[in-house]
Amino acid sequence: MISPHNIGAFIKFLYLKKYNASAPNDLIEKWKSVPSSEIDNQLQHLFRHWNMSREEALQLQQQFLQESSGPANVPPVTRNYYPETPAGHYSNHVPQKKRTNVWMIIALLAILILGGLGAYYALRGEKNQEPSRNDGSILNNDTPRQTSEQKPSEIKVDTSDVATPKSNTDTTGAGKPSETDFASVEQEKEDRMDRVYKLIYAEEDQDLDKILSAFDPAISQYWDLKSPTRAQLTNRYMDSWKKTDDAIHKNVRIVRISKDTYDMYATFSYYSPKDKVYKDVPVHTRYIFNNNGKIVKTYGVK
8 MISPHNIGAF IKFLYLKKYN ASAPNDLIEK WKSVPSSEID NQLQHLFRHW
58 NMSREEALQL QQQFLQESSG PANVPPVTRN YYPETPAGHY SNHVPQKKRT
108 NVWMIIALLA ILILGGLGAY YALRGEKNQE PSRNDGSILN NDTPRQTSEQ
158 KPSEIKVDTS DVATPKSNTD TTGAGKPSET DFASVEQEKE DRMDRVYKLI
208 YAEEDQDLDK ILSAFDPAIS QYWDLKSPTR AQLTNRYMDS WKKTDDAIHK
258 NVRIVRISKD TYDMYATFSY YSPKDKVYKD VPVHTRYIFN NNGKIVKTYG
308 VK
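Per this note's numbering, the very first residue in the sequence shown carries number 8; after that it's consecutive.
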């Protein structure tokens, strides 16, 4: 099944099958922004635009799903071969012990011991010649003596007059938006954005019935038309379609400005029969809804 998770890959697949080339990034991003509820309708519109039958479209879709969910190619397991280390060659020859001059070592040890004893007795004799102190004690004059005057006194702090700080947290709940308010805003946002998407898709399909159903019968403004009638809206769209072919909105981004007020940013791409070239025009359109979700005012934002 084609969903928002794989619509980008599906468009790449279709574009490659149709034009034998990679799909433009802006086209893929445009399709990724389509709501899940509108993906099937937009794909049907694309297939009709390509003069493709429903059977051909289903075959392409099944082929894409089979290729995207096929078994993964597992690389063959490579075995590492290590060279065998040849066994070492051992000799049966037993090395003979070297003879040492024991008497020479004993003589050297005796000389060292006698020299150490001589140095010890000489050092002891020098210490015995040192004059003794009068009091017979050893005292380091640099070390200060601790007296009772240096003992820190205990300090008591009276905290009876210290006020306990109050918390700035408002626990009454006043002014705090509830979860119901957040849910209501999100529900309105999702509904209004979906209505804008449906309108621009209907304009691309030139479906006049769906277009007119998006507007309130008492619409107060349609661009430069003030309080237009259904006939005036129909004439405006018919005149626009004579001047444009293959019209499509790219890079669509819808932003909630305030309650029931939404702005659409997009690139309006179309073919001009008069100039015989494709053109891209940046658009910034504002839509204002009533409580019933119908558009009561729309105009361009400069």
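Just so it is clear, CB atoms sit at the ideal spot from N, CA and C, and this is done for glycine as well.
Just checking my contact of residue i with residue j at CB under 8 Å: how many whole Å lie between their CB atoms?
i	j	result
I3	A221	Outside the modelled stretch of the chain, which goes from 8 to 309, sits residue 3, for which no answer is possible.
I218	Y244	6 Å
Y229	A254	Wrong, their Cβ atoms sit about 18 Å apart, outside the cutoff.
E62	Y208	Not a contact, Cβ separation roughly 24 Å.
D270	V262	5 Å
Q194	W248	34 Å between Cβ atoms; not a contact.
K24	L67	7 Å
S215	T241	The question names Ser, yet the displayed sequence has Leu at residue 215. The pair is a contact, with the Cβ atoms about 6 Å apart (cut-off 8 Å).
Can the beta-carbon of residue i be found less than 8 Å from the beta-carbon of residue j?
i	j	result
W38	I14	yes
F20	F71	yes
F275	H291	no
N297	D198	no
R293	Y272	no
Measuring alpha carbon to alpha carbon, tell me which residue in the options is nearest residue i.
i	options	result
T268	A238, D253, Q213, R202	R202
P11	A30, D47, M200	D47
E36	R263, V259, R293	V259
D282	N299, N298, K250	K250
L50	Q66, I18, D33, S76	I18
D231	K286, P289, V308	V308
P42	N32, W57, K205	K205
H56	D216, N299, L215, E211	E211
Might you give, ordered along the chain, the residues of its own chain that have their beta carbon closer than 6 Å to the beta carbon of residue i, omitting 5 neighbours on each side?
i	result
Y22	A30
K196	R263
Within a Cβ cutoff of 7 Å, which residues of the same chain sit near residue i, ignoring the five residues on either side of it in sequence?
i	result
E74	none
T176	Residue confidence for T176 is low, a pLDDT of 46 falling below 50, so the modelled location carries little weight and cannot support an answer.
Considering just the uninterrupted stretch of the alpha helix (DSSP H) at residue i, what are its terminal residues?
i	result
G15	14-26
Could you spell out where the beta strand (DSSP E) holding residue i opens and where it closes?
i	result
T268	268-279
D253	252-265
I302	302-307
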